[in-house]
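In this note's numbering, the protein residues as written are 380 to 1016.
Glycine included, each C-beta is placed from N, C-alpha and C at the ideal position.
Given the structure is predicted, the values throughout are model-derived calculations rather than measurements.
Single-structure report; data block below.
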Ligand code: ADP
Ligand code: MG
């Protein structure tokens, strides 16, 4: 048998390596920024076009390279940062593998100009697909500029795999933040498609965080600081009353590298225990420094996991430190002018002893009495009957009545020509399908009559139960409302005909500059959905009008959620921007499980659901209602 093993040519090996190092434009950004930092730059500019797909340019004022080094830097395993394996345990640089530039040059058109301080002329190199196509002296300022164009030009599978510009840009911004958050003494600039996205002058950590995450950040930061033999911790956690509704600003850095650690994350959330409302996320920006020997440094360049020798001790220290900081912050009395007065006891109640509310039960009540509705005592927990500030949802007030009452009547009059005009054909066919086991039409004239006094019950603050002739209908209140609102928002946005409620005082909300940019790009759609904006600044938005189905207290959460959804879920194709938006708004504004609905609201909800085009599914595809036929009930008896 002849030998079959061959050494791979360099450009092939580089391309394979590139597959691991460069997954998307953001990976290139990370590598180039880190190289500039390693080169001692004090000013770094990042310039991208089309989310880095056509251009990623990094300009630094670092130490530059000699002509030989400039050429060598693109070779695989060419690095100035380590000389022996032992160096791995005392690393002070970001890179050390000598793989990044070689990998990038294998899958893009790369150009580099670099000059050292004491040289007159610099070096200009052009490489395409690992092949050097130009090398010449040039004039250029001290430092290095690198252009990476047409990423994945020779790997179509990779190029096609890239997400939309919005998503890829988000990844770049994330990487940029992670680097900029650590190196506060470096001036960073970031331009996308010719527009300045961020300009971060050299400063301290606190100011850097404020510059990145917006003006309001300053007042929400609680400093964290601890020094032990095992670890030094510094940074900030967000005050519990500034929690985010969407997971967002949670950062761990270990020895100046961003890492993800579900284990340490748990230490933080447990330190916040009892201080957070359900489904809210604390912000944290924590910088840990440990002995490099105590962590596994040989981690993959693109991975953000890290292995600690002493994970359990680290957990305990971190948890105690954060708890301590939060405690200190709490002891300090704060004058809180924004305290919600409705949470205070009324003055005359303060000194009174509080008695358990009595529940009166009408023992003569007979559920089989046909007039029973009149006889039913109002049986509500006194606490629940008031609009609850904390849940932010006063359902009755914002659930606008529509002319869709008597939905059973819609279905019942299929023979009636007038009604057919109201009811689209396919609704009728769906109805037949759903009741196909039943020879009796689901709703007849009689039940339509009965519908006038139709009774809906709320079960476990989650389901709405009502009857139809053939049995029971059980509606999932949250999903049903999502469906109703989704169709409404979608219609309004595409027809631009939303009605908005004007606010007495404009609502000022602060966001980071990137979030503001995203909101601005959605401005026309948001206006169509019922929002009215007074002004946008770099960090805030002033809102004068909001959709009628939304309450003022929900607006900030709704917009926060919208930003998160638009960033995460906007796919290249398939769903339109309007659709993603309508889904997000509906999800945030819909009545939640656990909310008590007044009887009128229950009826409206059921009526509105069945007036929808697709009543059976929530926008996320889940079932909104089920029916339980009398025949099925019969089987159970
Ligand atoms: P690594 O960073 O792991 O050493 P890279 O492929 O990223 O590997 O870079 C190879 C070498 O090129 C670096 O070790 C460094 O000497 C040099 N280099 C890369 N970028 C720059 C830069 N912006 N300024 C100065 N030197 C650089
Ligand atoms: Mg590097």
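What did DSSP end up calling residue 975 once you bin it into helix, strand or coil? Residue state, collapsed to three classes: coil.
Applying the 10 Å Cβ sphere with the 16-neighbour rule, what's the burial state of residue 857? Burial call: buried.
Is residue 458 near the ligand ADP - that is, is its Cβ less than 8 Å away from at least one heavy atom of it? Yes, since a heavy atom of the ligand ADP falls inside the 8 Å radius drawn around the Cβ of residue 458.
Do residue 701 and residue 651 come within 9 Å of each other at the CB atom, strictly closer than that value? Yes, Cβ-Cβ distance for residue 651 and residue 701 is below 9 Å.
Are the beta-carbon atoms belonging to residue 466 and residue 460 less than 9 Å from one another? For residue 466 and residue 460, yes; Cβs fall inside 9 Å.
To which residues of the same chain is residue 500 closer than 6 Å at the C-beta, ignoring the five residues directly before and after it? Cβ neighbours of residue 500 beyond the five flanking positions: 516.
Reduced DSSP category for residue 913 - H, G, I as helix; E, B as strand; rest coil: Residue 913 falls in the strand class under three-state DSSP.
Taking the CB atoms as reference points, tell me whether residue 974 and residue 854 lie closer together than 9 Å. Annotated as distal: residue 974 and residue 854, with beta-carbon spacing of 9 Å or more.
Residue 560 vs residue 537 beta-carbon contact at 9 Å: Going by C-beta atoms, residue 560 is not nearer than 9 Å to residue 537.
Which residues does DSSP list as the beta-bridge partners of residue 517? Residue 517 pairs with 501.
Three-state secondary structure assigned by DSSP to residue 382: Coil at residue 382, not helix or strand.
Taking residue 957 and residue 904 to be in contact with their CB atoms under 8 Å, please state how far apart those CB atoms are, rounded to whole angstroms. 6 Å between Cβ atoms; contact.
Are the stretch 602-611 and the stretch 644-661 touching, with three or more C-beta to C-beta distances below 8 Å? Touching, no, given that fewer than three Cβ pairs across the two stretches are closer than 8 Å.
DSSP has residue 575 in a bridge; who is on the other side? Note: residue 575 sits in a beta bridge opposite 570.
Can you list the residues near the ligand MG, meaning Cβ strictly closer than 6 Å to any non-hydrogen atom, in the order they appear in the chain? Spelled out in chain order, the answer is 410, 413, 414, 474 and 479.
Cutting at 6 Å between CB atoms, please list the residues of its own chain near residue 422, excluding the five before and the five after it. 440 and 566, listed in sequence order.
If the criterion is Cβ atoms closer than 9 Å, does the pair residue 456 and residue 485 meet it? It is not a contact, given that the beta carbons lie outside the stated cut-off.
Within this structure, are the beta carbons of residue 1009 and residue 909 separated by less than 9 Å? No.
Are there 16 or more other CB atoms within 10 angstroms of the CB of residue 1019, so buried, or fewer, so exposed? Shown here, the chain extends from 380 to 1016; a query on residue 1019 therefore has no answer.
Rounded separation between residue 887 and residue 914 - CA only: Each residue's alpha carbon lies about 10 Å from the other.
Under three-state DSSP, which class holds residue 602? Correct three-state label for residue 602: strand.
From 955, 911, 968 and 402, pick the residue whose C-alpha is nearest to that of residue 939; which is it? Ranking 955, 911, 968 and 402 by CA distance to the CA of residue 939 puts 968 first.
Check whether the Cβ atoms of residue 425 and residue 592 lie closer than 9 Å to each other. Contact flag unset, no.
For a test of the three-state rule: what should DSSP assign to residue 653, helix, strand or coil? When secondary structure is reduced to three states using DSSP, residue 653 falls in the coil class, being assigned neither helix nor strand.
I think residue 411 touches residue 437, with their Cβ atoms under 8 Å apart; what is that distance to the nearest whole Å? Right, the Cβ-Cβ distance comes to about 4 Å (below 8 Å), so this counts as a contact.
Considering only the alpha carbon of each residue, which of 620, 601 and 621 lies closest to residue 614? Taking residue 614 as reference, the option from 620, 601 and 621 with the minimal CA-CA separation is 601.
If I follow the unbroken beta strand (DSSP E) through residue 923, where does it start and stop? That run of the beta strand (DSSP E) goes 919-926.
Pick out whichever of 988, 874, 897 and 916 has its Cα sitting closest to the Cα of residue 852. Measuring from the Cα of residue 852, the nearest candidate turns out to be 988.
Could you tell me the boundaries of the beta strand (DSSP E) in which residue 956 lies? Where residue 956 is concerned, there is no enclosing beta strand (DSSP E), although the alpha helix (DSSP H) around it starts and stops at 956-968.
Sorry if obvious, but does the Cβ on residue 466 come closer than 8 Å to a heavy atom of the ligand ADP? Not under cutoff, so the answer is no.
Based on the DSSP secondary-structure assignment, which residues constitute the bridge partners of residue 528? Bridge partners of residue 528: 434 and 488.
In whole angstroms, what is the alpha-carbon distance linking residue 495 and residue 447? Looking at the two C-alpha atoms, the distance is approximately 12 Å.
Whose CA, out of 399, 471 and 840, lies closest to the CA of residue 634? Comparing Cα-Cα distances from residue 634 to each of 399, 471 and 840, the minimum goes to 471.
Beta carbon of residue 551 nearer than 9 Å to that of residue 431: Remark: C-beta atoms of residue 551 and residue 431 approach each other more closely than 9 Å.
Would you call residue 403 buried or exposed, if buried means 16 or more other Cβ atoms sit within 10 Å of its Cβ? Buried is the call here.
Residue closest to residue 675, alpha-carbon to alpha-carbon, out of 687, 490, 545 and 645: Of the candidates 687, 490, 545 and 645, the one whose C-alpha sits nearest the C-alpha of residue 675 is 687.
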